[in-house]
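Just so you know, the protein sequences line up as chains A and B, in that order. In this text, residue positions in the first sequence follow our numbering: the first is 12, and each later residue adds one. In this text, residue positions in the second sequence follow our numbering: the first is 12, and each later residue adds one. One structure is given here, and the rest of the page talks about it.
Protein chains: 2
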Amino acid sequence: MDGPLSDLPTTHDTPKPIALDSAALEAIELMFFAYRDFTDVADRILEDHDLGRAHHRALYFIGTNGGITVGHLLEILNITKQSLARVLRRLIDGGLVQQKVGNNDRRQRLLLVSPQGQALLDELISAQRALLVRAFNSADPASLPGFRQVMLSIMTEEDRQRFEPLVSDASADRAA
Amino acid sequence: MDGPLSDLPTTHDTPKPIALDSAALEAIELMFFAYRDFTDVADRILEDHDLGRAHHRALYFIGTNGGITVGHLLEILNITKQSLARVLRRLIDGGLVQQKVGNNDRRQRLLLVSPQGQALLDELISAQRALLVRAFNSADPASLPGFRQVMLSIMTEEDRQRFEPLVSDASADRAA
DNA sequence: GAAGATATGTCAGGACTGTTGACATAAATC
DNA sequence: GATTTATGTCAACAGTCCTGACATATCTTC
């Protein structure tokens, strides 16, 4: 109906289930519109380079995981190697990504972004980061941890673990 | 270059811009993984009915806006009428959606979900709602308003307005 | 060292979803 | 009556994902 902590129209108990349920219904639409507008700022940049979202995703994870293997990238993206191959081909042929034979395992093709690839990636990240910083600034600063916690909770356990190093950082930090 | 109130990484102040900036970088990935896993639960159901995400979106907004016009649906989805036509054709031919001539304007084709369409939509909504309720339960209850506020702030002003009736409810409520 | 497993690449074909451009019809509006 | 609006449709193209099959090079194991 309305806000996440609203209602309590009845007597006294089971206040949470009802509130969570209506909050979840609204959240379905929050996810749709927020994600669409979030990806939109990158899509506009990608258009200028005749690239799609799939190229963006590959470029992003190669850029933030320099030297990543094809297999690991496939695990992150959760697509087939044939799908990735097409995308990777464009990125490599376009000079945005380079390959390097693995050091220990010569079957591996380690992926690296070229300077041009990094330039494009910087542009994409800046645009999305700017959108998010504006959003964070216009929201109550106290909203941030809540946003983060809910987003993490929505993910599968497997995906959530990708963020855990950052989480445990805080607790394991002072051990140094 | 970046955030509206950002940088100046020099002497002593501006602690927030830096924090917001790194939070925004992490949020790029939060958006990617959370949205993917969120859509995944619906995708699995859609597979059983040989429908795609586009059908889900159309069915959803028809179901939650009974009697919506084609034009209004196009505005919400932000796609071309040719794209929608293909999707709508499947939904109508499959008996999930029905059309009705407009009352005031007989050019309009008002869209309505059939009982079967509602059954599928219920299934889809239940699955996503269950995922979100689980997420909300595993997160701190105080996280919810923050999540909502940030998601709203990420959207364009136009999309945010779709939620405003709900927002202003709280402030205009006591007027009754 | 031969056999099997692994990492990667590629060809072929199909499905879904989005786009542009062009045209058609019916009904509202001026 | 002329124009605009709401909707539908045909055609073609692009991007992204999938399945299935096969090929090559390089580990790993017995």
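Positions of the beta carbon are idealized from the N, C-alpha and C atoms, including for glycine. The structure presented is a predicted model; accordingly, all values stated were derived computationally and were not measured.
Whole-angstrom distance between residue j and residue i, CA atom to CA atom
i                : j                : result
Ser33 (chain A)  : Asp104 (chain A) : 49 Å
Phe72 (chain B)  : Leu84 (chain B)  : 7 Å
Leu132 (chain A) : Val81 (chain A)  : 19 Å
Pro126 (chain A) : Gly74 (chain A)  : 10 Å
Arg47 (chain A)  : Arg145 (chain B) : 23 Å
Gly128 (chain A) : Asp170 (chain B) : 32 Å
Met162 (chain B) : Ser137 (chain B) : 21 Å
Ala153 (chain B) : Phe158 (chain A) : 10 Å
Phe49 (chain B)  : Met42 (chain B)  : 10 Å
Leu122 (chain A) : Asp59 (chain A)  : 24 Å
Ser164 (chain B) : Ile90 (chain B)  : 23 Å
Ala30 (chain A)  : Thr167 (chain B) : 26 Å
Val112 (chain B) : Gly78 (chain B)  : 10 Å
Ala69 (chain B)  : Arg101 (chain B) : 11 Å
Val108 (chain A) : His66 (chain A)  : 11 Å
Asp61 (chain A)  : Asn114 (chain B) : 45 Å
Ser94 (chain B)  : Ile87 (chain B)  : 13 Å
Asp116 (chain A) : Pro28 (chain A)  : 52 Å
Lys92 (chain B)  : Leu99 (chain B)  : 10 Å
Ala35 (chain A)  : Gln160 (chain B) : 14 Å
Gln119 (chain B) : Gln110 (chain B) : 9 Å
Gln139 (chain A) : Phe147 (chain A) : 12 Å
Identity of the residues DSSP links to residue i by a beta bridge
i                : result
Lys111 (chain B) : B:Leu121
Bounding residues of the alpha helix (DSSP H) (the contiguous stretch that carries residue i)
i                : result
Ile87 (chain B)  : 81-88
Pro126 (chain B) : 126-149
Leu62 (chain B)  : Element bounds for Leu62 (chain B): n/a, residue is neither H nor E.
Arg101 (chain B) : 92-104
Helix, strand or coil at residue i according to DSSP, with G and I counted as helix
i                : result
Thr167 (chain B) : coil
Phe72 (chain B)  : helix
Gly157 (chain A) : helix
Pro28 (chain A)  : helix
Asp48 (chain A)  : helix
Asp116 (chain B) : coil
Arg173 (chain B) : coil
Met12 (chain A)  : In this prediction, Met12 (chain A) has a pLDDT of 49, which is less than 50 and means its spatial position is unreliable; what the coordinates show is noted afterwards. Of the three classes helix, strand and coil, the one that applies to Met12 (chain A) here is coil, per DSSP.
Near-chain B residues of the stretch 111-133 of chain A - C-beta to any C-beta below 9 Å: none
Members of the stretch 149-163 of chain B that neighbour chain A once the beta carbon cut-off is set at 9 Å: Ser149, Ala150, Asp151, Pro152, Ala153, Ser154, Leu155, Pro156, Gly157, Phe158, Arg159, Gln160, Val161, Met162, Leu163
Near-chain B residues of the stretch 35-46 of chain A (beta-carbon distance less than 9 Å), N- to C-terminal order: Ala35, Leu36, Glu37, Ala38, Ile39, Glu40, Leu41, Met42, Phe43, Phe44, Ala45, Tyr46
Contact residues within the stretch 77-96 of chain B, judged by C-beta distance below 8 Å to chain A: Look at the stretch 77-96 of chain B: the residues with a C-beta under 8 Å from a C-beta of chain A are Asn89.
Under 8 Å (Cβ pairs) to chain B, residues found in the stretch 138-149 of chain A: Gln139, Arg140, Ala141, Leu142, Leu143, Val144, Arg145, Ala146, Phe147, Asn148, Ser149
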